[in-house]
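Working notes, structure below.
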Amino acid sequence: MTYGLFTGFTARRGRGAELLDALLAAADALRADPACLHYVVGAGEDDPDAVWVWEAWTDRGAHDAALEPPEARAAIARARPLLAGSAGQTPVRLRGGKGLPADG
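Take the sequence shown: its position 15, counted from the start at 1, is 15 in the UniProt record's numbering, and no numbers get skipped.
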């Protein structure tokens with residue numbers, strides 16, 4: 001079953017663009033990972049320090065494994081000092097829709 005994750009971050013005041021750039025760099029690095037179906041990053045319309053990430057993976061194990069390589073750890077280390085907090089993280093079982101495998 002396709003694994004999804006919705007995560008909201010709050011950047012330190014005025015650092016939202018830097019956090020967005022760090023997460024977009026992570027997204028570029030994931031383009032070569034066939035288990036990463038989607039990694040979409042955006043900022044809040046009314047709050048540029050609110051940054052959101054929507055992920056879709058072939059399964060949870062693939063997501064967890066993607067956090068282990070040195071490049072991933074470096075991306076996390078780059079983003080961490082930019083964070084003021086988290087708006088939460090919600091794992092979901094994706095069932096289907098445009099852009100996802102038909103079997104979810």
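Backbone N, C-alpha and C define an ideal beta-carbon position, used for all residues, glycine too. Since the structure is predicted, the reported quantities are computational estimates derived from the model, not experimental observations.
To which residues of the same chain is R93 closer than 6 Å at the C-beta, ignoring the five residues directly before and after it? Mapped onto the sequence shown, residue 93 falls at position 93. Only M1 meet the Cβ criterion.
From the DSSP output, in three-state form, read off R73 for me. Looking up residue 73 in the sequence shown gives position 73. Looking at R73 - three-state DSSP - the assignment turns out to be helix.
Go ahead and pull the three-state DSSP assignment for A65. Here the question's residue 65 lines up with position 65 in the sequence shown. Correct three-state label for A65: helix.
Anyone know if the C-beta pair for P91 and L23 falls short of 7 Å? Position 91 of the sequence shown, counted from the start, is the residue given in the question as residue 91. Position 23 of the sequence shown, counted from the start, is the residue given in the question as residue 23. No, the pair does not count as a contact, with Cβ atoms beyond the cut-off.
Between which two residues does the beta strand (DSSP E) containing G42 stretch? As a working note, residue 42 is residue 42 in the sequence shown. Per DSSP, G42 belongs to the beta strand (DSSP E) from C36 to A43.
Which class does R93 belong to by DSSP, given the choice of helix, strand or coil? Your numbering for residue 93 matches position 93 in the sequence shown. Correct three-state label for R93: strand.
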